[in-house]
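Read left to right, the sequence shown gives residues -17 to -1, 1 to 487 (mature numbering (1 follows the signal peptide of the UniProt record, and there is no 0)). We put the beta carbon where it would ideally sit given N, CA and C, even for glycine. This report concerns only the one structure given below.
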Amino acid sequence: MLISFVVLTAVISPLLGQSVDKTLVARETGKEVVDAVVDRIILTCIFDNDKLMLKRMAQAESNDGSKLSTTGDFNGGIWRISKNDYKFVKDNGGQYFKDISSKMGVDFVHTDYSDLEKPLYSGLAASIKLALKVAASSIPWSCKEQAVTWITKYGPELGTPNKTYYEAICGKKDACDTSKADIVIVIDESGSIGKDNFILVKQFVVDLVGAFHVSADGIRIGIIKYASKTTTITGLGALTTTADVQDAVRNIIYSGSGTRTDLGLLKMRDMLHNGRGSEGIPQIGIILTDGKSSDADALKDAVKEISDESFTIFSVGVSGADIEELKLYSSDPDCLHVYLLNDFTDMTDFVGQIQSLTCKAPAELPPGEEVGGELGKMEYLFFRLKVKRTRKGVTIKLRMQTGSCKMYLSWKVRNPGPAVYDYIQDVTPNQREGGAMFIPWPDDLYYGWEEIYLYGAIVGGPGTIGMTNRYIMEYTDGMFSDRAGIVTANLVLLVLMMVLAMLR
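Encoded structure:
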């Protein structure tokens, strides 16, 4: 009997430790927890774009909660919501409560002040307070100006002095969670922009490129400009340092003419087709424009051509850009992928937002195809899998060629990790075959839906000198067993129950 139990444990070990959500655990703190809270709130699109202010306030108010752990004073949670502000939110935030309940499963109406010790509840209270006191359209992109807004309009009653927001946050650059991506930046150089504004556009792209560590096998950046025709400034992987890509952007000569956004989109598609999507590396397009396409029919045709692609597309419009047109070719949801800036001077302060989103953009993986790659120590690769209700779920197989890794999966957040996940698989150096995990369709969360995404992250292990973390992963629609006869999660659970009954 002991032998049977040991063998069974080896089979199910990748499935242990399922479902963790630290955003709902009182007094949990740290950057990963704050990022998970912000991600969950943003993904619902309940609130208008706060321009990173919710995330920055967590740092300013409590250093992502570390100050609370030091003092033992968890009143108001990570975002330090006072009792007066909690009452203000409860009395005036009714317009948000229904969506929060239906989209997040949080009955905020029946909370009490002590619930704010849970990070998600504190973050929701801060989001409601911010939305009520500061209209999203009046939140400045500038971090320095946000510091003034934080004090004069938001009013952090339990917070720290006003200079803290600026001194602790502004000028600080977040490290990119992923070090591998193919990014194509498409620049509108039509006549309506003008030479002076085009200089600002180029500086924005230079600053954006500077936020990434460009390399031959890491983050690769391609640059395209378009007007009446398209011009490739540099292809993916053609320039292998950040400085070289920046120099190429500085040397772009403005020509000006029509606005054939359709041609820019198709050129972007062609460039990303030559990328590393088959390796499970995110394929990202960023479109910068100031106006409306000069050929609406051609644009619609181009959108149809790229509609089935697994790219993540961000659209950034400036001044007179057509917001509905931006939505037409950007990825869903719009609240994460469509941005409209007031004027070209906003572009400098927008770099932080687009860099943050790009670093967390997941790769969409195709079913039935192996993808593989190499991850450094604690390096993340984010991905998503399209799941159909008719197939009842997906089966995922992960194995290591060298090294080790963890895989986190979630139906709730776009970037799962130690703070929030529904499933976890741990493949160690002594256990190269991770086995197959069957992830059932979550009827409790998405009853009535026909198709949704399962989000995931593979994280490189600590490794050893001279050894890298090389992985191979594959997913299949529905329940699947490989040639070794690996059992599904449901069958494993049944067998485990039988063994435990026999042990009694």
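Item, Value
"I306, buried or exposed, once every other Cβ within 10 Å from all chains shown has been counted against 16", "exposed"
"C-alpha gap between I236 and A119, whole angstroms", "36 Å"
"At least 3 beta-carbon pairs within less than 8 Å: the segment 169 to 181 vs the segment 273 to 290", "yes"
"Cβ-based burial, S314 [other Cβ within 10 Å; buried from 16]", "buried"
"Assigned secondary structure, P102 (DSSP; H/G/I helix, E/B strand, else coil)", "helix"
"Inter-residue Cα distance where the pair is V3 and Y438", "15 Å"
"Sufficient close CB pairs (3 or more, under 8 Å) joining the segment 27 to 42 to the segment 122 to 135", "yes"
"Under the three-state DSSP convention, the category P318 falls into", "One detail in the question is off: residue 318 reads as Cys in this sequence, not Pro. Looking at C318 - three-state DSSP - the assignment turns out to be helix."
"Under 8 Å between C-beta atoms of L103 and T6", "yes"
"F443 vs M330 beta-carbon contact at 8 Å", "Reading off the sequence, residue 443 comes out as Gly, not Phe. In this structure, M330 does not lie closer than 8 Å to G443 by Cβ."
"Three-pair Cβ contact test at 8 Å for the segment 257 to 272 versus the segment 283 to 303", "yes"
"For A346, the residue or residues it bridges with in DSSP", "F366"
"Buried or exposed by the 16-neighbour rule on C-beta atoms within 10 Å, applied to S105", "buried"
"Own chain residues within Cβ distance below 7 Å of S49, not counting five before or after", "T12"
"Where V92 falls, given that 16 or more other Cβ within 10 Å makes a residue buried", "exposed"
"E357 (DSSP reduced to helix, strand or coil)", "strand"
"CA-to-CA distance, L381 to I407, given in whole angstroms", "11 Å"
"Rounded separation between I25 and D31 - CA only", "9 Å"
"R367 beta carbon less than 8 Å from that of W432", "no"
"Residues of its chain near F333, where Cβ-Cβ distance is below 8 Å and the 5 sequence neighbours each way are ignored", "W124, F187, V299, Y322 and L324"
"As assigned by DSSP and simplified to three states, the class of N452", "strand"
"Secondary structure, alpha helix (DSSP H): runs of 4+ residues fully inside the segment 186 to 237", "225 to 233"
"Proximal residues to L255 (C-beta, below 7 Å), its chain only, five neighbours per side dropped", "D165, V167, Q266, G268 and F294"
"Nearest-angstrom Cα separation, counted from Y391 out to P401", "8 Å"
"Start-end ranges of the beta strand (DSSP E) lying completely within the segment 245 to 293, minimum 3 residues", "266 to 272"
"M420 vs I455 beta-carbon contact at 8 Å", "no"
"DSSP beta-bridge partners of A419", "K380"
"Top-ranked residue by Cα proximity to K369, from G356, C388, K389 and P345", "P345"
"Per DSSP, cross-strand counterpart(s) of M390", "Q408 and I441"
"Under 8 Å between C-beta atoms of M40 and A109", "yes"
"Buried versus exposed call for K112 [16 or more other C-beta atoms within 10 Å across all chains shown]", "buried"
"Beta-carbon proximity list for V228, same chain, < 6 Å, skipping 5 on both sides", "V192, V197, I204 and L222"
"Residue burial classification, K81 (beta-carbon count within 10 angstroms, cutoff 16)", "exposed"
"Spatially closest choice to G247 from T459, Y429, Q336 and Y312, by CA coordinates", "Y312"
"G55 classed as buried or exposed, judged by whether at least 16 other C-beta atoms fall within 10 angstroms", "exposed"
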